[in-house]
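Report on the following structure.
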Amino acid sequence: MSVTALKYLTIAAASKHTATVIFVHGLGDTGHGWSDVAEMFKADSGLSHVKWILPHAPQKPVTANMGMVMPSWFDIYSFGFNSAEDSKGMQETLTSLTNLIEEEQTKSGIDPSRILLGGFSQGGAMSLLTGLTGKHKLAGVGCLSGWLPLKNTFKEMAQPFASSVPVFYGHGDADPLVKPVLCQTSANFLVDELGIPRSTPDKFGGLYYNVYPNVAHNVSPKELDDFKTFIKRCLPAELAV
Numbered sequence: 001m002s003v004t005a006l007k008y009l010t011i012a013a014a015s016k017h018t019a020t021v022i023f024v025h026g027l028g029d030t031g032h033g034w035s036d037v038a039e040m041f042k043a044d045s046g047l048s049h050v051k052w053i054l055p056h057a058p059q060k061p062v063t064a065n066m067g068m069v070m071p072s073w074f075d076i077y078s079f080g081f082n083s084a085e086d087s088k089g090m091q092e093t094l095t096s097l098t099n100l101i102e103e104e105q106t107k108s109g110i111d112p113s114r115i116l117l118g119g120f121s122q123g124g125a126m127s128l129l130t131g132l133t134g135k136h137k138l139a140g141v142g143c144l145s146g147w148l149p150l151k152n153t154f155k156e157m158a159q160p161f162a163s164s165v166p167v168f169y170g171h172g173d174a175d176p177l178v179k180p181v182l183c184q185t186s187a188n189f190l191v192d193e194l195g196i197p198r199s200t201p202d203k204f205g206g207l208y209y210n211v212y213p214n215v216a217h218n219v220s221p222k223e224l225d226d227f228k229t230f231i232k233r234c235l236p237a238e239l240a241v
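Just so you know, we're using UniProt numbering here: the sequence shown kicks off at 1 and counts up by one.
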C-alpha cells in the first residue's frame with residue numbers, strides 16, 4: 001500500500017513538551033480549522049506541556065458530494081452511513097496516522113502512551129479506528145460527532161488492549177448529518193462488543209459518552225470543556241519531567 005506522508009500544522013507546547021495531541025479534522029476542512037481550539041487548550045496551565053499536531057487530509061473525490069474533490073480521509077458513498085464503506089481509504093489513513101504517531105515518537109521522543117488521538121466527524125471515525133485497531137496503545141481517543149466505521153469487521157480488527165483505552169465520545173442531539181442514533185449505536189458497540197466499560201465518577205477510564213442538547217453537527221463550549229478535562233486526565237502534567 002502506497003501511503004503519502006501527511007502534511008500537518010504544529011502548535012508547540014507552551015512549556016516543556018512531554019505529551020502530544022493529534023487531532024483529525026472533518027470532511028472538507030484542514031488542520032487550520034482546529035488551530036483556535038488547540039491554542040485555547042494550550043493556554044490552560046494544565047495543558048501547557050502538550051504539543052498539538054493537526055494533520056491535513058489529502059484531496060479526494062467524495063461520492064456523496066457528487067464526486068467533488070475536497071479534503072477527505074476516505075470516500076463517503078452515502079451520508080446515511082448505512083451503505084458500503086471505503087475500507088481501502090480508511091486503511092490508508094490508518095497507516096498515515098500510525099506513521100504520524102511513530103514520527104512523533106522518533107523525532108520528539110514522545111511515547112505513544114503520551115499521545116492522544118482525537119477527531120471531528122470523519123476524523124472522529126478515523127480516531128476510533130486508528131486508536132482501537134492500530135498497533136500502538138495510546139493515552140486516549142476522542143471522537144466528536146463521529147461514528148464507528150467498519151462495524152462488520154471492527155471487532156476482529158480491534159487490538160487486545162482496546163478495552164483499556166479511555167475514549168471520549170461527544171455528540172449533539174440535533175445533529176442532522178451524523179444522526180444521534182448512529183452515535184448511540186456506535187457507543188453501545190464499544191461497550192457491548194469491545195468490552196470498554198462505561199465511565200464512573202470514582203475511577204478514570206472507560207467510555208465517556210456525552211450527548212449535548214440542541215447541538216447540531218458542530219461542537220459546543222460545554223463539549224470542548226469536557227474534552228479538555230478528558231485530555232488533562234489522559235495526559236496529566238504531573239508526569240512531566
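Where a beta carbon is used, it is the ideal one built from N, C-alpha and C, also for glycine.
### Query
Does the beta-carbon of residue 85 have 16 or more other beta-carbons within 10 angstroms, so that it is buried, or is it exposed?
In the sequence shown, residue 85 corresponds to position 85, counting from 1. By the neighbour-count rule (16 or more Cβ atoms within 10 Å), residue 85 is buried.
### Query
Counting only runs that start and end within the region 135–214, where is the beta strand (DSSP E) found for 3 or more residues in a row?
Counting only runs of 3 or more, we get 140–144, 167–172 and 207–212.
### Message
Which same chain residues end up closer than 8 Å to residue 77 when comparing Cβ atoms and leaving out the 5 residues on each side of it in sequence?
### Response
In the sequence shown, residue 77 corresponds to position 77, counting from 1. Around residue 77: 63, 64, 83, 84, 85 and 86.
### Message
Can you check which of these residues, 213, 135, 140 and 128, is closest to residue 190 by C-alpha distance?
### Response
Your numbering for residue 190 matches position 190 in the sequence shown. The shortest Cα separation from residue 190 among 213, 135, 140 and 128 belongs to 128.
### Query
In three-state DSSP terms, what is residue 61?
Position 61 of the sequence shown holds residue 61. In the three-state reduction of the DSSP assignment, residue 61 falls in the strand class, which pools E and B.
### Query
Which runs of the beta strand (DSSP E), 3 residues or longer, sit entirely within the region 8–88?
8–11, 19–24, 50–55, 59–62 and 68–71, all fully within the region 8–88.
### Query
I think residue 146 touches residue 121, with their Cβ atoms under 8 Å apart; what is that distance to the nearest whole Å?
Reading the sequence shown from its first residue, position 146 is the one you call residue 146. Reading the sequence shown from its first residue, position 121 is the one you call residue 121. About 6 Å separates the two Cβ atoms, so the contact holds.
### Query
If we cut at 8 Å on Cβ distances, does residue 61 have a partner in chain C?
The structure shown contains no chain C; it is built from a single protein chain.
### Assumed close pair residue 236, residue 206 - CB separation to whole angstroms, cut-off 8 Å
Here residue 236 is taken as the residue at index 236 of the sequence shown, counted from 1. Here residue 206 is taken as the residue at index 206 of the sequence shown, counted from 1. Contact flag wrong, Cβ pair sits at about 17 Å.
### Message
Run through the DSSP bridge pairs and tell me what residue 120 is partnered with.
### Response
Numbered from 1 along the sequence shown, position 120 holds the residue referred to as residue 120. Here residue 120 is bridged, per DSSP, to 144.
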